[in-house]
Structures are given as structure tokens and as C-alpha cells.
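In the working numbering, the protein residues as written are -15 to 356. These notes are about the structure you will find just below.
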């Protein structure tokens, strides 16, 4: 097993490099980059513009006066920026230098990879902070949502799926299937809005806060009160994500158990006089959980980064999902690429952990005997 772990760890750097190449090319090729965004802001301000343009963290400033009624269009270097009429080409070239776009794309990529290798993720184009600071500030919110949601989804879905498989066709199975269909069909953000209306001072009850992850006086509270305040704030967001996320895993667990229950080894175990509990949890559970475990890395990454985006917006939670969305809209390349790098690396590590969990659940699995 040690040799397999070493091989998987050695595969992470080239895999990560390939993924980053694809993401970098796609992001760079997308129209409306940061220079174009800034030009749009400058030329949209009015007839007589005096702007000081500062790149966050560098201390560099530029000043330009760009009356929009100058007749001569100055579209910038090689005319590649639309809407740049009236702006000095030298000024646009200086903007490119400040943002790093004066270098060829392959030079920018290798410089980015080298910086990432020494844990230098640069500064945000649109926030006056380093990218690492931004991510660390917003990570607790997303980790809280991701960890609690994943934990509750698995704690609910696995026992419920097993019970549905054991009682297949019963009234309990039929009624819970109806609930699961509703949970699968209705998006989590609609549940979030419903929970706000019903429980957060909409039209009915005011049991939970409307927004945020902590009260304004959280720092002044004692530790037991802080824990209670945190749980009080996070209940509705997590509940909305759990309702929208447990359906698929429940049905996957049920169908996997039903498939294993019909196998010959289960018939043999029962014929030997083993109790039903011993058959289910001593033999079937170990085999059925493999496919459930295999989906854990993708499920956790999806909940952590993309699944919580609308939930963060609805409940005014400033997390990584909202940060990534704003970075994509504003073409904040350092934030976009750094978060992609982080979540890709996390996904690769979790994939390895999932393989190790396979062996823990079923020691008969031997990764050493096959090629990676």
C-alpha cells in the first residue's frame, strides 16, 4: 500500500499542472479581461474623467484625463480593447504592464506556476488584499457549510437508504420516496427562501437570524454563548443544503444495498444461520459502501465551492463560493486561478483519501496489485 500511495502522490503534480494549463488558457481567452473592465469603468464615468488607477498591493498609481468627445479613437495597443476611444495608448500599455499582460501568455503561465510552487498567490486585481488573505478570511464560512452539510447528508442518507432497502416496497419506503423526490426536484435555494420566509421573520416565525454567521457582539460573548450563537446562525443555511443534497445519496445507498442483498454470498450467509443483522452489517454493508465512498471527494468539493454559492448569497454569508463568483464576474484572474488551484489540489488529495478508505472498509481490496 505504501508504494501505491507514493505513486499517487507523484501523479498529483503533473495532473495539477495539466488542469491548470486548461483553466489558464480558457480564462485568458475569455473576453472582458481586467484591463477591458477598467477601461469600461473609465470611459463610462462621464465627459471629463480624472481617475487614479491603483493596482492592489503594488502601490502603483496612474492618472489620466480622457474626455470622451475627442474625435480620434485610441483603441490601445494593437486595437484589441473595445470602448477605449479617448484613452491614451501609452496609458493602456501601462495598464497592461501593471496587470502583467505585457508578457506573452506562456511566460505569464510559467511565472504563475513558479509563484504557486513557493506559495505566492499574488494580489487581487479588485481587492486591496493578497489572494491568500482573501481566501483565508472567507474559508471558515465555506468550510462550516461544507463540513456540516456533508456530515449531516451522510448521517441521514446512509441509514435511511439502508432502511429503505431492507423494507423495500413497504409503506415506509413509499412515503420516504415521496419526500426524496421532492428534495431532489426542488433546488436548495428555493428551500432556503422558504426557510427564511417561515423561520426568519418573513411572514410567520422569527426563530432564526436573517443573515450572517455570527451576531455583532459575538466577540464579547462567553464561549458557550459563542457556540450557541454560531449554531443558531448556521442552522437554516445547512438545513437548506441538506434538504437539497440528501436525495441522491439516499437512493444510491438503497439501490446499492438492494443489489448486494441479491448476491449469492448473502444467500450463502443466511443458509449458514447468520442473523440478519450480521448479514447486513457484517457482509453487505462493507461491499455496498464502496460506491458511496467513491463519491465523497466530488460531493465535498461541490458542496464546499459551488453548491453553497446561492446559499451564501441568500443568507448574506461571505464565503468562497461568493468570492469565486465575484472574481469570475470581475475577471479577477489571481483570485480565480488561486481558488481553482486550491480546490483542484484538495480534490486530488481527497481522491487518494477515498482510495485509502476503500481499504479500510474492505481489506480485500489491494491497490498494490494494479497499475495506477
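By construction, the Cβ of each residue, glycine as well, lies at the ideal position given by its N, Cα and C atoms. Keep in mind that this is a model prediction, so the values were computed, not measured.
Item to complete: Take every Cβ of the region 213 to 224, pair it with every Cβ of the region 128 to 135, and state whether three or more of those distances are shorter than 8 Å.
Response: yes
Worksheet entry | According to DSSP, residues forming a beta bridge with residue 18 | Its beta-bridge partners do not exist; DSSP assigns none.
Worksheet entry | Secondary structure of residue 104, DSSP reduced to three states | coil
Worksheet item: Does the Cβ-Cβ distance between residue -11 and residue 336 come in under 9 Å?
Response: yes
Worksheet item: Is it right to say residue 135 is buried, meaning 16 or more other beta carbons lie within 10 angstroms of its own, or is it exposed?
Response: exposed
Worksheet entry | Which listed residue (229, 74 and 188) has its alpha carbon closest to that of residue 166 | 229
Fill in: residue 143, enclosing alpha helix (DSSP H) - first and last residue
115 to 150
Worksheet item: Any idea what DSSP makes of residue 74, helix, strand or coil?
Response: helix
Fill in: Alpha carbon of residue 90 to alpha carbon of residue 271, nearest angstrom
47 Å
Worksheet item: What's the C-alpha gap between residue 164 and residue 0?
Response: 37 Å
Item to complete: Assign residue 104 to one of two classes, buried (16 or more other C-beta atoms within 10 Å of its C-beta) or exposed (fewer than that).
Response: exposed
Worksheet entry | Residue ranges of each alpha helix (DSSP H) within the region 288 to 329, 4 or longer | 293 to 298 and 304 to 314
Worksheet entry | Continuous alpha helix (DSSP H) stretch holding residue 175: start and end | 172 to 183
Discussion item. Within a Cβ cutoff of 7 Å, which residues of the same chain sit near residue 116, ignoring the five residues on either side of it in sequence?
Written reply: 105
Worksheet item: So what's residue 190 in DSSP terms, helix, strand or just coil?
Response: strand
Worksheet entry | Whole-angstrom C-beta distance between residue 302 and residue 177, which should lie under 8 Å | Rounded, the Cβ-Cβ distance is 19 Å, inconsistent with contact.
Practice prompt. In angstroms with no decimal places, state the Cα-to-Cα distance between residue 8 and residue 321.
Written response: 7 Å
Discussion item. Buried or exposed, going by whether 16 or more other CB atoms sit within 10 Å of the CB of residue 154?
Written reply: exposed
Worksheet item: Is residue 267 helix, strand or coil by DSSP?
Response: helix
Practice prompt. Take residue 240 and list the residues in its own chain whose beta-carbon comes closer than 6 Å to its own, dropping the five residues that flank it on each side.
Written response: 272 and 275
Worksheet item: How many Å lie between residue 88 and residue 75 at the Cα?
Response: 19 Å
Worksheet item: Taking Cβ to Cβ, would you say residue 17 is nearer than 9 Å to residue 85?
Response: yes
Worksheet entry | Beta-carbon contacts of residue 268 that lie in its chain and below 7 Å, excluding the five residues immediately before and after | 241, 244, 245 and 250
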